[in-house]
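Here is the structure we will look at, set down as structure tokens.
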Amino acid sequence: MSTAAGAWTIQGERVALPVRIRDAAVASAMFAVPAAPAQALIAYSGLDVAEPLPGKAVCSLAFVRYTDGDLGRYHEFAVAFLVRPPGAAAPRGTSGRLREMAEAGAFIHWLPVDQEFTLEAGRTIWGFPKELADIPMHLDGRVKRCAVRFDGRTAIELAIRPGAPIPTRNQAPNLDAYTCMDGLTHRISWMVAPSGVRVRPGGAKVVLGDHPVAAELRGLGLDRARALCTGTAAHMRMVFEAAEVARR
Numbered sequence: 001m002s003t004a005a006g007a008w009t010i011q012g013e014r015v016a017l018p019v020r021i022r023d024a025a026v027a028s029a030m031f032a033v034p035a036a037p038a039q040a041l042i043a044y045s046g047l048d049v050a051e052p053l054p055g056k057a058v059c060s061l062a063f064v065r066y067t068d069g070d071l072g073r074y075h076e077f078a079v080a081f082l083v084r085p086p087g088a089a090a091p092r093g094t095s096g097r098l099r100e101m102a103e104a105g106a107f108i109h110w111l112p113v114d115q116e117f118t119l120e121a122g123r124t125i126w127g128f129p130k131e132l133a134d135i136p137m138h139l140d141g142r143v144k145r146c147a148v149r150f151d152g153r154t155a156i157e158l159a160i161r162p163g164a165p166i167p168t169r170n171q172a173p174n175l176d177a178y179t180c181m182d183g184l185t186h187r188i189s190w191m192v193a194p195s196g197v198r199v200r201p202g203g204a205k206v207v208l209g210d211h212p213v214a215a216e217l218r219g220l221g222l223d224r225a226r227a228l229c230t231g232t233a234a235h236m237r238m239v240f241e242a243a244e245v246a247r248r
């Protein structure tokens with residue numbers, strides 16, 4: 001690995017910033033979870049979970065099939081939490097909570113992938129918590145399914161039932177993704193532009209195995225929780241900017 005202004009060399013290949021994903025398919029589910037254990041889980045980041053309702057945080061589970069992008073073709077699974085921007089005070093009242101949700105970013109707690117190149121690039125360039133796993137994925141049927149396995153042992157399985165189609169704009173506003181590695185928390189500006197989007201309340205089934213992250217999710221009640229909502233996007237373009245230090 002080596003770096004140059006605006007570019008990195010990963011496994012002998014040049015990766016220029018921003019990194020562009022030209023096509024991916026996504027399925028995700030959002031859950032309301034107890035805020036206190038969620039906060040304890042991400043305390044290492046120095047960030048605070050957003051609370052759309054007092055005592056409740058939001059955990060997102062998602063799987064992505066990348067088919068055309070600067071980091072190649074691969075599968076990915078994500079566990080993320082909505083968080084306040086660094087240094088933001090706890091909101092007051094309904095209007096404050098609505099503003100907090102509008103400004104919230106996504107802290108990426110766990111991000112297994114199934115290819116070595118994107119693993120090294122993600123960890124090196126942005127500090128994404130990627131680890132190598134077997135991630136069988138089925139996105140072409142009516143029910144979208146994914147599993148994460150290590151040496152044949154299942155960590156998590158997620159099934160998503162797509163909902164009704166909704167209109168989308170050509171490009172969504174930039175989102176902030178946060179990562180933490182080696183005690184350093186970074187912010188990454190992340191643009192997403194989805195198409196073929198379907199959304200519904202509920203619609204997710206989670207099965208947890210015996211991986212340490214599965215135990216963490218079980219501690220949040222995700223083995224028995226009903227999803228707030230699920231969403232799928234048949235196609236999604238993304239742009240990842242360079243990482244900026246959010247807090248030390």
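In case it helps, the numbering used here puts the sequence shown at residues 1 to 248. The beta carbon of each residue, even a glycine, is placed where N, CA and C say it ideally should be. Source: prediction; values computed, not measured.
Proximity winner among the options, relative to residue i (alpha-carbon distances)
| i | options | result |
| --- | --- | --- |
| residue 126 | 58, 45, 177, 66 | 177 |
| residue 12 | 117, 50, 6, 32 | 117 |
| residue 110 | 54, 122, 151, 85 | 122 |
| residue 246 | 26, 14, 47, 36 | 47 |
| residue 38 | 228, 239, 222, 244 | 222 |
| residue 227 | 19, 35, 58 | 58 |
| residue 60 | 236, 229, 168, 112 | 229 |
| residue 249 | 179, 201, 115, 129 | Because the chain spans 1 through 248 in this model, residue 249 falls outside it and cannot be assessed. |
| residue 133 | 237, 154, 141, 145 | 154 |
Beta-carbon spacing of residue i, residue j below 7 Å
| i | j | result |
| --- | --- | --- |
| residue 198 | residue 163 | yes |
| residue 33 | residue 220 | yes |
| residue 135 | residue 77 | yes |
| residue 49 | residue 233 | no |
| residue 158 | residue 206 | yes |
| residue 19 | residue 74 | no |
| residue 168 | residue 201 | no |
| residue 128 | residue 185 | no |
| residue 107 | residue 45 | yes |
Local Cβ density within 10 Å of residue i, reported as buried at 16 or more and exposed below that
| i | result |
| --- | --- |
| residue 2 | Below a pLDDT of 50, predicted positions are generally treated as unreliable, and residue 2, at 47, falls in that range; no measurement from the model is reported. |
| residue 231 | buried |
| residue 148 | buried |
| residue 160 | buried |
| residue 15 | buried |
| residue 70 | buried |
| residue 131 | exposed |
| residue 143 | exposed |
| residue 91 | buried |
Range covered by the beta strand (DSSP E) that runs through residue i
| i | result |
| --- | --- |
| residue 196 | 184 to 201 |
| residue 34 | 19 to 34 |
| residue 126 | Premise fails: residue 126 is in no beta strand (DSSP E) and is neither H nor E. |
| residue 207 | 204 to 208 |
| residue 269 | Since the displayed the chain opens at 1 and closes at 248, residue 269 lies outside it and no answer follows. |
| residue 7 | 7 to 10 |
Segment limits, alpha helix (DSSP H) that includes residue i
| i | result |
| --- | --- |
| residue 118 | 116 to 121 |
| residue 218 | 212 to 219 |
Heavy atom of the ligand COA within 6 Å of residue i beta-carbon
| i | result |
| --- | --- |
| residue 53 | The ligand COA is not part of the structure shown, which contains no ligands of any sort. |
For the region 60 to 105, list the beta strand (DSSP E) runs that are entirely contained and at least 3 residues long, ordered along the chain. If we require 3 residues or more, the beta strand (DSSP E) runs fully inside the region 60 to 105 come out as 74 to 83.
Ranges of the beta strand (DSSP E) found wholly within the region 140 to 182, counting only runs of at least 3: The region 140 to 182 contains, as complete beta strand (DSSP E) runs of 3+ residues, the segments 144 to 150, 153 to 160, 175 to 181 (chain order).
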